[in-house]
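Numbering (full-length UniProt numbering), first residue to last: 1 to 265.
The beta-carbon is built from N, C-alpha and C at its ideal position, and this holds for glycine as well.
To start, the structure under review is shown below, and the notes come after it.
Written out as structure tokens, the structure is:
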């Protein structure tokens, strides 16, 4: 396969199954030559939520990835984190960045407030009390701030609010435009994340409209399965590559030690 799966989780995040060595084995079995682990990073407080590793597990996470690297020398395995962006957490993110030699950082927004992670099934009822356009606006404002922060190399699942098929009646194109203009100015990448195909929305994150707008602005792309189990590694990548090509993409972005290069699809 001519691309890499840069978005994968491990058992340490408490809602995934399997160790890095298991994910690596499946990657080899399906013909991938490059993968990257990007488990949910610790937060300032370990009790912030229940779907990420604790801070005292970060070194263990790195060690688990190193074990997979040693076990599968024929596979390029990158070390990364998926980091939640919340305003005011920038110093914490910089601290995390300094602790290990990460290959890239995926910046994601799950929270539109300090207490509401909009993709959490256990909080689905909160959507009933909110105007969808208001939620999408708050989400894209934070996603644009994440892109503008200079803290990240890749922006994760850029239209996550569609997960439960709750869409605004108003046109969100201006929100997408502001976000992608910022991404282009910062010269970072967005991912084509196939996990959306396994959710209620049944669509890759982000939508074809956003991917087309990204191409028009020369925004780089990466690919991710958002695997939470070994057999999800590389899942639906043929559909993601088809989406990329359909709007004119010919290259993807490879990351090593926070440096990037363009690679032909």
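Out of 199, 219, 58 and 17, point me to the one whose CA is closest to residue 178's CA. 219
Check whether the Cβ of residue 151 sits closer than 7 Å to any heavy atom of the ligand COA, and report yes or no. You won't find the ligand COA in this model; it holds no ligand whatsoever.
Just checking, does the region 82-97 make contact with the region 62-70 on the three C-beta pairs under 8 Å criterion? no
For the region 14-41, list the beta strand (DSSP E) runs that are entirely contained and at least 3 residues long, ordered along the chain. 34-40
Looking at the unbroken beta strand (DSSP E) that takes in residue 77, where does it start and where does it end? 76-84
Where do the N-terminal and C-terminal ends of the beta strand (DSSP E) with residue 250 fall, by residue? First-last for residue 250: undefined, no H or E at that position.
Am I right that residue 106 and residue 30 are in contact with their C-beta atoms under 8 Å? What's the rounded C-beta distance? The pair is not a contact, with the Cβ atoms about 22 Å apart (cut-off 8 Å).
Comparing C-alpha positions only, which one of 145, 156, 165 and 193 sits nearest to residue 182? Comparing Cα-Cα distances from residue 182 to each of 145, 156, 165 and 193, the minimum goes to 145.
Which parts of the region 104-180 are runs of the beta strand (DSSP E), unbroken and 3 residues or longer, counting only runs that do not cross its ends? 104-108
Please confirm whether residue 108 and residue 157 have their CB atoms less than 8 Å apart. yes
Relative to the C-alpha of residue 151, which candidate in 49, 125 and 92 has its C-alpha closest? Distance from the Cα of residue 151 is smallest, within the candidate group 49, 125 and 92, for 92.
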